[in-house]
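Below is one structure, written out as structure tokens, with a few remarks after it.
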Amino acid sequence: MNYKIIKKENMTLKKWSGGTTREIAIYPENASYKKREFIYRISSATIDVDESLFTPLPGVKRILMILKGNVKLSHEGKYEKTLFQYETDEFWGDNTTKSFGRAKDFNLMMKGESEGEVISIDLRKKMLFSGSLNTKDDYEYQTKVIYNLSSNIMISFMDKHVKLYKGDAFILNISKNESLDFKLLELDSDTFFESSVCIVSTINHN
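When we follow this note's numbering, the leftmost residue of the sequence shown carries the number 41, and every step to the right adds one.
Shown next as structure tokens:
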């Protein structure tokens with residue numbers, strides 16, 4: 041088991057044709073997104089134009105979640121889907137994909153036999169969220185990436201308590217035959233009406 045915190049100020053921010061993208065995590069850590077060397081990559085992007093064409097990513101599985109706004113995704117020759125806040129679409133990077141509408145999104149990209157899921161959790165509604173890590177038979181590792189969107193939260197696992205600030209990410213890894221339980225708890229909020237949302241990604245990989 042190992043874990044790390046990635047501070048917002050240490051996340052790489054770059055431009056793409058339709059806005060900006062912030063790389064939250066990439067594995068292996070020294071992998072190059074430009075060279076498509078990664079096993080998984082997590083990022084958050086803004087879509088600042090009314091219509092954009094997604095970058096082709098052959099052989100890459102994608103899960104896209106809308107954080108703000110709404111968009112219509114059009115996968116040429118396949119289907120169209122309109123996404124609202126915290127809704128997801130799963131598709132292959134081989135698709136010719138266009139988006140219509142301005143928004144902020146969250147992206148999980150995976151290569152090879154890796155599989156994953158992305159969920160949103162509002163701790164203002166749940167108060168306490170309990171989760172677990174358990175490696176699957178066909179994979180050597182399971183990784184949880186918790187991306188904190190709003191108020192400060194506490195992550196508790198084993199005998200450890202880690203505080204995660206707004207905009208930061210927490211990565212927790214286990215190896216085959218390991219298992220681990222964890223809890224998420226909201227610590228405070230800026231306003232009484234503000235939600236306390238974090239995005240939790242699960243990746244099974246080798």
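From the three backbone atoms N, C-alpha and C, an ideal C-beta is built for every residue, glycine too.
Expected contact under 8 angstroms - CB spacing of residue i and residue j to nearest Å
i	j	result
Phe-78	Ile-66	5 angstroms
Ile-239	Ser-160	6 angstroms
Leu-148	Ile-82	6 angstroms
Lys-44	Ile-211	5 angstroms
CB contact flag (residue i, residue j, <9 angstroms)
i	j	result
Lys-101	Leu-113	no
Ile-103	Thr-128	yes
Lys-2	Phe-222	Residue 2 lies beyond the stretch modelled for the chain, which goes from 41 to 246, so this question has no answer here.
Asp-178	Asn-244	yes
Leu-173	Ile-186	no
Met-105	Phe-146	yes
Glu-180	Asn-246	yes
Leu-224	Leu-168	yes
Cut-off 8 angstroms between Cβ atoms - residues of its own chain near residue i, not counting five sequence neighbours on either side
i	result
Ser-236	Asp-162, Leu-163, Arg-164, Ser-190, Ser-191, Ile-193, Glu-226, Ser-229
Met-51	Arg-62, Glu-63, Ile-64, Ala-209
Lys-108	Gln-125, Ala-143, Lys-144
Glu-116	Asn-135, Thr-136, Thr-137, Lys-138
Ser-72	Phe-78
Neighbourhood of residue i by C-beta, 7 angstroms cutoff - its chain only, sequence neighbours within 5 removed
i	result
Gly-58	Ile-87, Asp-88, Val-89, Ser-92
Lys-48	Gly-207, Asp-208
His-201	Met-194
Pro-98	Gly-133, Asp-134
Nonlocal neighbours in the same chain, by C-beta distance under 6 angstroms from residue i, ignoring five residues either side
i	result
Asn-42	Asn-213
Phe-233	Confidence at Phe-233 is low in this model, with a pLDDT of 47, below 50, so the placement of that residue should be treated as unreliable; the coordinate-derived value is given next. Correct list: empty, nothing qualifies.
Glu-157	Thr-242
Lys-54	Thr-61
Gln-182	Leu-173, Thr-175, Ile-214, Asn-244
Contact test: residue i Cβ vs the ligand MN heavy atom, cutoff 8 angstroms
i	result
Asp-177	In the structure on display, the ligand MN does not appear, and there are no ligands present to speak of.
Is the stretch 133 to 145 touching the stretch 86 to 105, taking contact as three or more C-beta pairs under 8 angstroms?
-> yes
Are the stretch 124 to 133 and the stretch 94 to 108 in contact at 8 angstroms, needing three or more beta carbon pairs?
-> yes
Counting pairs of beta carbons, one from the stretch 147 to 154 and one from the stretch 208 to 227, are three or more of them closer than 8 angstroms?
-> No: fewer than three Cβ pairs fall under 8 angstroms.
Runs of beta strand (DSSP E) lying entirely within the stretch 45 to 118, each at least 3 residues, in chain order = 52 to 56, 59 to 67, 80 to 87, 91 to 93, 100 to 109, 111 to 115
Considering only residues of the stretch 123 to 199, which uninterrupted beta strand (DSSP E) runs meet the minimum length of 3 residues and lie entirely inside it, listed in chain order?
-> 128 to 132, 137 to 140, 143 to 151, 155 to 162, 168 to 174, 181 to 188, 193 to 197
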